[in-house]
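Note sheet for the following structure.
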C-alpha cells in the first residue's frame, strides 16, 4: 500500500508558520533586551557622581581628599579629587581629567 | 483519487488548521506591536529632558536666533545657564535660563520652527521616509502641578498637541531665578524650584 | 469504519496543535514581559533623586540648603533633627514626585564611617528602592575633623 502523503501539506504549512513565529519572537526579544540594556546603562553610569566631583575640586585639600576616598570606597568607587586632577573609577567606568591622566 | 472530489476529511482538516492559523495571525501583531514603541519612547523622553536640563545649547548664543529665520540657522536648544565668567564649572546644571526658556517657547509655538527644533533633537522621522514624526511637548510647572507664570503668561507649556496612543513623560526637577516667576510655590534661597515635564509620543 | 478517510482530519488537527503549542510556549516565557519597564521607572526616580540633591545644594541657602542643614543639625546618637525649613521643603518635593525617602549623612572619623539618619526621613526602604548620593564639602561637628560629608538619599515609590 503506498503511503498517503496528501495531508502532509497541512503539517508542512504549520511547521513553516511555527518557524516564522520563532524568528519574529527572536527579533522581538532582541528589541526588549536592547531596551533593558540601555535602561541598565542609564542606571549604572555615574554621570552625576563625576559631575559632583568636578564641581567640588576647587574646595579640596588633603583632608578632604582622604575622607572622600574613604566615603567613595564604601560605595565601591575609587575617587581622587584635587584642583589639578579628578579621577573616578567604578566597576565599569574609568574617568580621569587633568594632569597625570 | 483521480476523480477530483474534495473529500470531507480534507475539508475538515484544512478548516481546523485555517481556523487556528487565523487565530494565531490575529493574536501575534497584538503582542508585538504595542510594547515596542514605548521602550523607545521612554529613552527619547529621557534624552530630550537631559538635553534641555543638562546642556546650555549650541551655539552658546542660540537664544538670539530670529524666529522668522529659524530654517536657515543651525542650532540645538538647551536651557541651562552658561556662566562664561566662572573659572570652572561654567555649566550650571538644572539651573534654567529664563531667556533661553522664552526663546524655546517661541520656537515651539511656531509650526515651522517646531519642526526645526525636532529635527535638531533627532526626533524627525521624515528623513527616514516616515510620514509622521515624534510629537514633543515641554512644560514648566510648580511642584504642585500648576504652570509657572511670568506676567500672567505660562513660561513654558509649548509643543505639539498631545495625542497618540503611546506617550511617555519624563520629569526633571530644576530651578530658575525667582525674580522671573509670579507664582513660585517653593523657594530655596533665590531658587524657584520647579519641574520640567517632557512628553514624547508617536 | 474506514480509518483511511480520517487522514486529513488528523493531519489538520496535528497541525493546529503544533501551531498552538508553539505559540503558547513562546509567549508563556518571559520574552513577552517587558522587564525594561520597571527599569525605566527606576531611571526616572534615580534622576529625580540626583536633581533633588543638586537643587538643594545651594551655597547661599542657609537652613534650606544642604550646607545649612548640615551645620544646623541637632543630633542624638545617630539620629539627627534637621532645621524645620529643610524638612518641610524636602517633604513638599517628595510628595510632589510621589516618593518616600530615607536621608542619611555619612562622615569619616578616624578612618571609620559614621552614619546619621535624619528624623522625618527615616522610614525603611523597600527592596526596589534606589539610592543617590552627593558629596558636600562642609565643616561639621558630626564627626571629628570632618571636612566632607556624603548626603545619601534612598528613594522608593
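Residue numbers (this note's numbering), protein chains in the order written: chain A, 16 to 116; chain B, -9 to 192; chain C, 614 to 770. Cβ atoms here follow ideal geometry from the backbone N, Cα and C, with glycine treated the same way.
Look up residue i in the DSSP assignment and give the residues it is bridged to.
i, result
"residue 182 (chain B)", "B:166 and B:177"
"residue 143 (chain B)", "B:140"
"residue 746 (chain C)", "C:765"
"residue 716 (chain C)", "C:766"
"residue 753 (chain C)", "C:759"
"residue 109 (chain A)", "A:104"
"residue 726 (chain C)", "C:721"
"residue 188 (chain B)", "B:128 and B:160"
"residue 48 (chain B)", "B:66"
"residue 694 (chain C)", "C:687"
Verify the CB distance criterion: does residue i have a CB-CB separation below 9 Å to chain B?
i, result
"residue 102 (chain A)", "no"
"residue 36 (chain A)", "yes"
"residue 697 (chain C)", "no"
"residue 624 (chain C)", "yes"
"residue 28 (chain A)", "yes"
"residue 655 (chain C)", "no"
Answer with yes or no whether the minimum CB distance from residue i to chain F is below 9 Å.
i, result
"residue 32 (chain B)", "Absent from the structure is chain F; the protein chains it does hold are A, B and C."
Please tell me whether residue i has its Cβ less than 9 Å away from any Cβ of chain C.
i, result
"residue 71 (chain A)", "yes"
"residue 178 (chain B)", "yes"
"residue 112 (chain A)", "no"
"residue 71 (chain B)", "no"
"residue 65 (chain A)", "no"
"residue 175 (chain B)", "yes"
"residue 108 (chain B)", "no"
"residue 11 (chain B)", "yes"
"residue 97 (chain A)", "no"
"residue 183 (chain B)", "yes"
"residue 17 (chain B)", "yes"
According to DSSP, is residue i helix, strand or coil?
i, result
"residue 664 (chain C)", "helix"
"residue 72 (chain B)", "strand"
"residue 82 (chain B)", "strand"
"residue -1 (chain B)", "helix"
"residue 128 (chain B)", "strand"
"residue 60 (chain A)", "coil"
"residue 89 (chain B)", "helix"
"residue 93 (chain A)", "strand"
"residue 689 (chain C)", "strand"
"residue 114 (chain A)", "coil"
"residue 733 (chain C)", "strand"
"residue 759 (chain C)", "strand"
"residue 644 (chain C)", "Annotation note: pLDDT 49 at residue 644 (chain C) (below 50); position unreliable, coordinate value reported separately. If DSSP states are grouped into helix, strand and coil, residue 644 (chain C) belongs with coil."
"residue 64 (chain B)", "coil"
"residue 161 (chain B)", "strand"
"residue 625 (chain C)", "helix"
"residue 107 (chain B)", "helix"
"residue 70 (chain A)", "helix"
"residue 148 (chain B)", "strand"
"residue 16 (chain A)", "The pLDDT assigned to residue 16 (chain A) is 44, lower than 50, so where the model puts this residue is not dependable; a value taken from the coordinates is nonetheless given after this. Here residue 16 (chain A) sits in coil by DSSP."
"residue 6 (chain B)", "helix"
Spell out whether any CB of chain A is found under 9 Å from the CB atom of residue i.
i, result
"residue 652 (chain C)", "yes"
"residue 707 (chain C)", "no"
"residue 29 (chain B)", "yes"
Q | Contacting positions in the segment 665 to 693 of chain C - beta carbon closer than 8 Å to chain B | A | Of all residues in the segment 665 to 693 of chain C, those with a C-beta nearer than 8 Å to a C-beta of chain B are 665, 667, 668, 669, 671, 673, 674, 675, 677 and 678, reading in chain order.
Q: Using a Cβ-Cβ cut-off of less than 8 Å, give me the residues of the segment 744 to 759 of chain C that come near chain B, in sequence order.
A: Of all residues in the segment 744 to 759 of chain C, none has a Cβ within less than 8 Å of some Cβ in chain B.
Q) Got a sec: which bits of the segment 74 to 96 of chain B sit with their beta carbon under 7 Å from any beta carbon on chain A, in order along the chain? A) Within the segment 74 to 96 of chain B, 78, 79 and 83 place their CB atoms closer than 7 Å to a CB of chain A, listed in sequence order.
(Q) Tell me which residues of the segment 630 to 643 of chain C have at least one Cβ-Cβ distance to chain A shorter than 7 Å, keeping chain order. (A) Correct list: 631, 632, 635, 636 and 639.
Q. Taking any Cβ of chain C, which residues in the segment -7 to 9 of chain B have a Cβ under 9 Å from it, in chain order?
A. Near chain C, meaning a CB-to-CB distance below 9 Å, the residues of the segment -7 to 9 of chain B are -3, -2, -1, 0, 1, 2, 3, 4, 5, 6, 7, 8 and 9.
Q.
Along the segment 161 to 173 of chain B, where does the CB come closer than 7 Å to a CB of chain A? Name the residues.
A. Per Cβ criterion, the list is empty.
Q) Which residues, in chain order, does the segment 118 to 139 of chain B contribute to contact with chain C at a C-beta distance below 9 Å? A) Of all residues in the segment 118 to 139 of chain B, only 132, 133, 134 and 135 come within less than 9 Å of chain C when Cβ atoms are compared, listed by chain position.
Q | Chain-ordered residues of the segment 34 to 48 of chain B with a beta carbon less than 7 Å from chain C | A | The residues in question are 36.
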